[in-house]
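For reference, the structure is listed below as C-alpha cells.
Residue numbers (the UniProt record's numbering): 1 to 163.
Shown next, in the form of C-alpha cells:
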C-alpha cells in the first residue's frame, strides 16, 4: 500500500478533504482510522457517504488499518489516511506503518485543550504524541488548506513554550 497523504482532522472527510486534498494527494482510497468512529455506525456511514465520486472510503480501527497496510492484497491502494488525533497516528507508526509526514489540519476545542492556531487545539496527551512522532523523524506540518504555507508544528509549539 502506498501512502499518498496523512492528515489529522477531527472532522475526517469534509469539503476541503473531498475536493482538494484527494486531488492533491492523487489517492484512490481514503481510510479514516479511528477506533471510536469505527464503532459508531451512524458516524461511520456519514463519513463513507461524503467520499468524493470514484474514491472508495473506509472507516476502520487502528489495528485493522495496520493489518491492511501490511497486506499485499492492498498494494494497489494509494491511500489518504485520515485521523482524529495524533495518538492514533503514533499507534500506526509503532505498529509498523511507514508514515513520513503528517499534515495537522484541524483539531477542535475540548475542555483541557490549548489553542495552538485558529484551527488547532491540543491536550497535553496530544502534544506528547506529537513529540514522540517528531522524535521518530516524522515531518509534522500545519496547514488548514492545501494552498497554505506549511508551518512546522514543533516550531509553533516551541513558540508557545509548550515544549
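Ideal Cβ placement from N, Cα and C applies to all residues, glycine included.
Nonlocal neighbours in the same chain, by C-beta distance under 7 Å from residue i, ignoring five residues either side
i           : result
residue 25  : 4, 5 and 80
residue 153 : 104, 130, 140, 141 and 142
residue 62  : 33, 35, 88, 91 and 92
residue 144 : 105, 106 and 119
residue 134 : 140 and 154
Buried or exposed by the 16-neighbour rule on C-beta atoms within 10 Å, applied to residue i
i           : result
residue 29  : buried
residue 22  : buried
residue 84  : buried
residue 158 : exposed
residue 129 : buried
residue 120 : buried
residue 53  : exposed
residue 125 : exposed
residue 88  : buried
residue 44  : buried
Beta-bridge partners of residue i, as assigned by DSSP
i         : result
residue 7 : 82 and 103
Rounded distance between the beta-carbons of residue j and residue i, thought under 8 Å
i           : j           : result
residue 107 : residue 10  : 5 Å
residue 92  : residue 58  : The pair is not a contact, with the Cβ atoms about 14 Å apart (cut-off 8 Å).
residue 95  : residue 66  : 4 Å
residue 8   : residue 86  : 6 Å
residue 99  : residue 160 : Incorrect: roughly 24 Å between the Cβ atoms, too far for contact.
residue 162 : residue 114 : 7 Å
Cβ shell of residue i (< 6 Å), same chain only, five flanking positions each side left out
i           : result
residue 77  : 1 and 29
residue 20  : 146
residue 112 : 123
residue 109 : 121
8 Å Cβ shell around residue i - same chain, five flanking residues per side excluded
i          : result
residue 18 : 50, 51 and 52
residue 37 : 12, 43, 44, 47, 59 and 84
Where in the region 85-160 do unbroken runs of the beta strand (DSSP E), each at least 3 residues long, occur, reported from the N-terminal end onward? Listed in chain order, the complete beta strand (DSSP E) runs (minimum 3 residues) inside the region 85-160 are 101-106, 114-117, 120-122 and 139-142.
Every unbroken alpha helix (DSSP H) within the region 16-84, with a cutoff of 4 residues, ordered by chain: Complete alpha helix (DSSP H) runs here, min 4: 22-25, 35-38, 41-49 and 62-70.
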